[in-house]
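Working notes for the structure below.
There are 2 protein chains.
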Amino acid sequence: MSSPSASSAVRLAAETWESLFRSQVAVMRKLQSGPAFKTLPVKEYDVLFTLSKCPSGQLRLNEINDKVLLSQSSLSRLVDRLEKRGLVERTTAPDDGRGVLLSLTEAGSELQKTIGREHVRDIAHLVAPALTAEEQRELLRLTEKLRASVAGH
Amino acid sequence: MSSPSASSAVRLAAETWESLFRSQVAVMRKLQSGPAFKTLPVKEYDVLFTLSKCPSGQLRLNEINDKVLLSQSSLSRLVDRLEKRGLVERTTAPDDGRGVLLSLTEAGSELQKTIGREHVRDIAHLVAPALTAEEQRELLRLTEKLRASVAGH
DNA sequence: TATCGATACATGCAAATGCATCTAGTTTGA
DNA sequence: TCAAACTAGATGCATTTGCATGTATCGATA
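Quick note, the sequences are listed as chains A and B, same order.
For the first sequence, counting from 1, position 132 maps to 132 in our numbering; every step adds exactly one.
For the second sequence, counting from 1, position 97 maps to 250 in our numbering; every step adds exactly one.
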């Protein structure tokens, strides 16, 4: 790796990230301003969604925390709000007395599905006109590869 | 567009967005926890960065607001904080008495460069090992295409 | 050019967030 | 086996955020 190519490699990485970030901002802007999130903020929906996708139906708080951009304390209180609205339930983890398992209530599951249907439609309206199916598959592959690499330090 | 392919198109778009979003979360997590942002929060740095990249050196608040995921009022107060620290300057827009032009002070420009150098290095350490240069160029192209499409409604 | 609606930004206030810290349960190792 | 270090999550408190609204300016129209 020669010196000039190293510097251009750094620049390329920075520009790639910048572009990824700005596109995320642009899409998220549109999504969260839609009517789907009048009843529930996006971040709270995201927790319901994450739970709905998990096979066991239960997740530890620290597992959820890995998926969302929130501090541990903010997530704890976000879950307080969801619990107060009767959308999720906290249970002490059976194998670790310190841990908390979170699961959807029936109402939480219903609300997730209702918002989810509309949300997915909104996403499609933004993404489908922008990129071909082939491009979407490639974008999916690249972002997943990036996420996996970053998650594994 | 037949019915089954329409539904799978919707699913693909949703999965693509989900992956893009989660990768952004994973990368941002790492970036903002680095030492580069001990002195200045990422969102505040982002405003300095945006100003530094702009050829005229001045931007209207609403132009900046398009680039960041903040409400108008939050940006207004974020700028208050930057101004109080002497990093930016507000000027009334010459052609529009309602508008405010924002520009970097010398101190703001210095701080942006200092943080920016470290920030760019951090980005490279995360992105370069994850994707080849060719993949990064493709990711850059796809996210820019998505952003442009979404921005144009 | 006087009025009315729209736009740009600021501000009061309630809610959400993060940092530091606390409590309780778990693991380690002498 | 027991104390010390570690981990998961909750909580006090100051900061940040967004919603609703306020103020000032702009632009269109009659």
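Virtual Cβ for every residue (Gly too), placed ideally from N, Cα, C.
This one's a predicted model, so the numbers in the text were calculated from it and none came from an experiment.
Compare the beta carbon distance of A/Arg147 and A/Leu101 with 9 Å and say whether it is the shorter of the two.
-> For A/Arg147 and A/Leu101, no; Cβs fall outside 9 Å.
How close, in whole Å, do the beta carbons of B/Leu231 and B/Val195 come, if the pair is a contact with beta carbons under 8 Å?
-> Their Cβ separation, rounded to whole angstroms, is 11 Å, which puts B/Leu231 and B/Val195 out of contact at 8 Å.
Using a C-beta to C-beta distance shorter than 9 Å, which residues of chain B count as neighbours of A/Ile123?
-> Val163, Ala166, Ala167, Thr169, Trp170, Glu171
B/Glu197 burial status per 10 Å Cβ neighbour count (16 or more: buried) | buried
If you run the structure through DSSP and keep just helix, strand and coil, what is A/Pro105?
-> Per the sequence presented here, residue 105 of chain A reads as Thr, with Pro not at that position. Residue state, collapsed to three classes: coil.
Taking Cβ positions only, does B/Pro188 come closer than 9 Å to chain A?
-> no
Report the neighbours of A/Glu135 on chain B: residues whose CB is nearer than 8 Å to its CB, in chain order.
-> Leu295, Lys298, listed in chain order.
What is the residue span of the alpha helix (DSSP H) that A/Arg90 lies within?
-> Element bounds for A/Arg90: not the alpha helix (DSSP H) but the beta strand (DSSP E), 88–92.
Taking Cβ to Cβ, would you say B/Leu173 is nearer than 9 Å to B/Thr296?
-> yes
Would you call B/Ser260 buried or exposed, if buried means 16 or more other Cβ atoms sit within 10 Å of its Cβ?
-> First, the residue type needs correcting, since residue 260 of chain B is Ala and not Ser in the sequence shown. The residue in question, B/Ala260, is exposed, as its Cβ has fewer than 16 Cβ neighbours within 10 Å.
Of the residues B/Lys191, B/Ser224, B/Ala277, which one's Cα is nearest the Cα of A/Lys30?
-> B/Ser224
Residues bridged to B/Val253 [DSSP beta-bridge criterion] | B/Thr245
Relative to the alpha-carbon of B/Met181, which residue among B/Val241, B/Ala277, B/Glu288, B/Leu240 has its alpha-carbon at the smallest distance?
-> B/Ala277 is the residue among B/Val241, B/Ala277, B/Glu288, B/Leu240 whose C-alpha sits nearest the C-alpha of B/Met181.
In three-state terms, what does DSSP make of A/Leu59?
-> strand
Between the beta-carbon of B/Thr169 and the beta-carbon of A/Leu75, is there less than 9 Å?
-> no
Which residues, in chain order, does the stretch 216–236 of chain B contribute to contact with chain A at a C-beta distance below 9 Å?
-> Asp219, Lys220, Val221, Leu222
Below-9 Å beta-carbon distance, B/Ser176 vs any chain A residue = yes
Beta-carbon neighbours of A/Leu61, restricted to chain B and to distances below 7 Å = Using a Cβ-Cβ cut-off of 7 Å, A/Leu61 is close to nothing in chain B; its nearest Cβ partner there is about 16 Å away.
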